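Data block below; observations after.
In mature numbering (1 follows the signal peptide of the UniProt record, and there is no 0), the protein residues as written are -15 to -1, 1 to 505.
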């Protein structure tokens, strides 16, 4: 009798597993139920970018030819993360050398009881300064569960650091610049071709990212000068990190530093090196660059660059000129975006100026004169908070203003939030959307945040969903023909309400008018 019961249990489990098999035509994958969501981990969306495929555009996985479509492959374990690095000012030896080049993978979370066969899809582009992070940086279980079977969640990985963002002249001649951004685009292409098999609707894809992920969302909007038929219908740019785009002199220096550290003189030699050798050279370049004042505190050194094709001009110029994909936008920022990226040992303005001269290498005396008029020392209780305000405005706060005004000026529904709850630091809203629940000090606010985001993902309007049954204030569009002008949702410890955008000010206008990031 016990044996029969055991065999019956095996049959039930096998039947359950069979129900989680997806057939993509070129391959089959078996998922598993976890945290009330069916998860599919470690699915390749592009061929491994190894050897001769290093620093080249990713190749679609369907053409790989290495799969037997009759074999069901398990997708129950997380795949390897991409190679991680760390800037000199933010040492993390535990990250150095971790990860794999064979990392062009994505994860898919599907509700077990979907409300339809064609669900909206949210695609997460992780942050981490373009040198850290992975597909599990922002797990989507809580959001999918609160959606009541209404969305599918996809999180992707892409090449980081020197593997994804070497953009020297030789790379451009014999490969491709901004490979990491093209990885992101390839993953979105995979979603367009394959998400139907999971019950998703490729015409209802929203891209989301925070920090460098938010910067990546911006980059996907300006890719190729802004295309009219993008592989997404809406964008969520959370605290978008507009890292300085390095000029050609610095891009060449990055490349030469890696060549020197790996005893190579050509790209062909570099493609023949082991992963460990390139990682060592990459980390050496991160150290040398900082110690020689090529990049400064708070900068991650490697990242997107203007190459004239993938990224055709600086983001500020592209948004000013309307050279971006016109889709509905939701954007936000936290209260103290610059704090984590400001040195804590500066006590005088002279020290601060020396530090900022590395961040703004082409700034003249007139720049700093006006900068300190806009950010007077007596308006802050310390040099640290003066510096964090300057850097936070430059790198994130003002970009939310630039993006929101540009998209709304072009007639796209746009919403902006200023999040002053939680820690108020960079990424403070993360626990309220992604967990863990232990990081949330206000469950009501977490429910409201997820409802707002689900409303935008499903209906392109954050006010349309109340799955948590939690009352919330109405969130008006940033600008509307009826008169709403630069309206943002302010979330803080004591209230949630609409205020004028505090980033629509002379400080952000000053940064927007500067050419302190110069291309050679």
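Every residue gets a Cβ at the ideal spot worked out from N, C-alpha and C, and that includes glycine.
Keep in mind it's a predicted model, so treat the numbers as computed, not measured.
Legend entry - Beta-carbon proximity check, residue 138 vs residue 68, cutoff 9 Å: By one-based count along the chain shown, residue 138 stands at place 153. By one-based count along the chain shown, residue 68 stands at place 83. Going by beta carbons, residue 138 and residue 68 fall outside the 9 Å limit.
Legend entry - Backbone CA spacing between residue 59 and residue 193 [nearest angstrom]: Here residue 59 refers to the residue found at position 74 of the chain shown. Here residue 193 refers to the residue found at position 208 of the chain shown. Between residue 59 and residue 193, the C-alpha separation is close to 27 Å.
Inset, instruction - Could you spell out the range, first to last residue, of the alpha helix (DSSP H) harbouring residue 129? - result: Translated into positions along the chain shown, residue 129 becomes position 144. Taken as a continuous stretch (DSSP letters only), the alpha helix (DSSP H) holding residue 129 covers 126 to 131.
Inset, instruction - With a 10 Å radius around its C-beta and 16 neighbouring C-beta atoms as the bar for buried, classify residue 435 as buried or exposed. - result: For the purposes of this step, residue 435 is taken as residue 450 along the chain shown, with counting starting at 1. It counts as buried.
Inset, instruction - Give the straight-line distance between the Cα atoms of residue 41 and residue 268, rounded to the nearest whole angstrom. - result: Stepping through the chain shown from its first residue, residue 41 is reached at position 56. Stepping through the chain shown from its first residue, residue 268 is reached at position 283. Cα-Cα distance, rounded: 21 Å.
Inset, instruction - Scan the stretch 387 to 468 and note each continuous beta strand (DSSP E) run of 3 residues or more that stays entirely inside, going in chain order. - result: 399 to 404
Inset, instruction - Report yes or no: do three or more beta-carbon pairs, one from the stretch 173 to 189 and one from the stretch 70 to 81, lie closer than 8 Å? - result: no
Legend entry - Distance CB(residue 86)-CB(residue 262) smaller than 9 Å: Indexing the chain shown from 1 puts residue 86 at position 101. Indexing the chain shown from 1 puts residue 262 at position 277. Contact: no.
Inset, instruction - Determine the DSSP secondary structure at residue -3, reduced to helix, strand or coil. - result: Within the chain shown, numbered from 1, the residue matching residue -3 stands at position 13. Residue placement at residue -3 is flagged as unreliable, the pLDDT there being 39, under the threshold of 50; the coordinate-derived value follows with that caveat. The answer is helix: DSSP assigns residue -3 an H, G or I state.
Legend entry - As assigned by DSSP and simplified to three states, the class of residue 301: The residue given as residue 301 occupies position 316 in the chain shown. In this structure, residue 301 counts as helix in the three-state DSSP scheme.
Inset, instruction - Quick one: give me the first and last residue of the beta strand (DSSP E) that residue 481 is part of. - result: Position 496 of the chain shown, counting from 1, holds the residue named residue 481. Run containing residue 481: 481 to 485, per the beta strand (DSSP E) assignment.
Inset, instruction - Identify whether residue 501 lies in helix, strand or coil by the three-state DSSP scheme. - result: Here residue 501 refers to the residue found at position 516 of the chain shown. Note on residue 501: pLDDT 41, under 50, position unreliable in the model; the coordinate value appears next. Taken through DSSP and simplified to helix, strand or coil, residue 501 comes out as coil.
Legend entry - residue 309 beta carbon less than 9 Å from that of residue 197: As a position in the chain shown, residue 197 is number 212, starting the count at 1. As a position in the chain shown, residue 309 is number 324, starting the count at 1. Going by C-beta atoms, residue 197 is not nearer than 9 Å to residue 309.
Legend entry - Under the three-state DSSP convention, the category residue 490 falls into: If you number the chain shown from 1, residue 490 lands on position 505. Three-state DSSP puts residue 490 in coil, outside helix and strand.
Inset, instruction - Taking 8 Å as the threshold, find out whether the stretch 225 to 243 comes into contact with the stretch 382 to 389 through three or more Cβ pairs. - result: yes
Inset, instruction - Using alpha carbons as the reference points, say which of 315, 496, 347, 290 lies closest to residue 208. - result: Residue 208 sits at position 223 when you count from the first residue of the chain shown. Among 315, 496, 347, 290, the Cα nearest to that of residue 208 belongs to 290.
Legend entry - Under the three-state DSSP convention, the category residue 87 falls into: On the chain shown, residue 87 is found 102 positions in, with the first residue counted as 1. Correct three-state label for residue 87: coil.
Legend entry - Through-space distance from residue 149 to residue 35, alpha-carbon basis: For this step, residue 35 is matched to residue 50 along the chain shown. For this step, residue 149 is matched to residue 164 along the chain shown. Their backbone Cα atoms lie some 12 Å apart in a straight line.
Legend entry - Sequence-distant residues of its chain with Cβ nearer than 8 Å to residue 363 (five each side left out): Looking up residue 363 in the chain shown gives position 378. For residue 363, where only same-chain residues beyond five positions count, there are no Cβ hits under 8 Å.
Legend entry - Complete runs of the alpha helix (DSSP H) confined to the stretch 261 to 331 [at least 4 residues]: 300 to 305
Inset, instruction - Go ahead and label residue 493 buried or exposed: buried means 16 or more other beta carbons lie within 10 angstroms of its beta carbon, across all protein chains shown. - result: Numbered from its first residue, the chain shown carries residue 493 at position 508. Label assigned to residue 493: buried.
Legend entry - contact_flag[the stretch 392 to 412, the stretch 305 to 325] where n(CB pairs < 8 Å) is 3 or more: yes
Legend entry - Beta-carbon spacing of residue 439, residue 21 below 9 Å: Along the chain shown, one-based indexing puts residue 439 at 454. Along the chain shown, one-based indexing puts residue 21 at 36. No, these two residues do not count as a Cβ contact at 9 Å.
Inset, instruction - Inspect the beta-carbon positions of residue 140 and residue 109 and report whether they are closer than 9 Å. - result: Taking the first residue of the chain shown as 1, we reach residue 140 at position 155. Taking the first residue of the chain shown as 1, we reach residue 109 at position 124. Yes.
Legend entry - Buried or exposed (CB count within 10 angstroms, at least 16 for buried), residue -13: Within the chain shown, numbered from 1, the residue matching residue -13 stands at position 3. Note on residue -13: pLDDT 40, under 50, position unreliable in the model; the coordinate value appears next. By the 10 Å Cβ count, residue -13 comes out exposed.
Legend entry - Proximal residues to residue 231 (C-beta, below 7 Å), its chain only, five neighbours per side dropped: Translated into the one-based positions of the chain shown, residue 231 becomes position 246. Hits under 7 Å: 290.
Inset, instruction - State the DSSP-derived secondary structure class of residue 245, mapped to helix, strand or coil. - result: As a first step, residue 245 is located in the chain shown; it is residue number 260 there, counting from the start. Note: residue 245 maps to helix in three-state DSSP.
Inset, instruction - Report the rounded CA-to-CA distance for residue 287 versus residue 432, giving the unit in angstroms. - result: Walking along the chain shown from the start, residue 287 turns up at place 302. Walking along the chain shown from the start, residue 432 turns up at place 447. Rounded to the nearest angstrom, the two C-alpha atoms are 36 Å apart.
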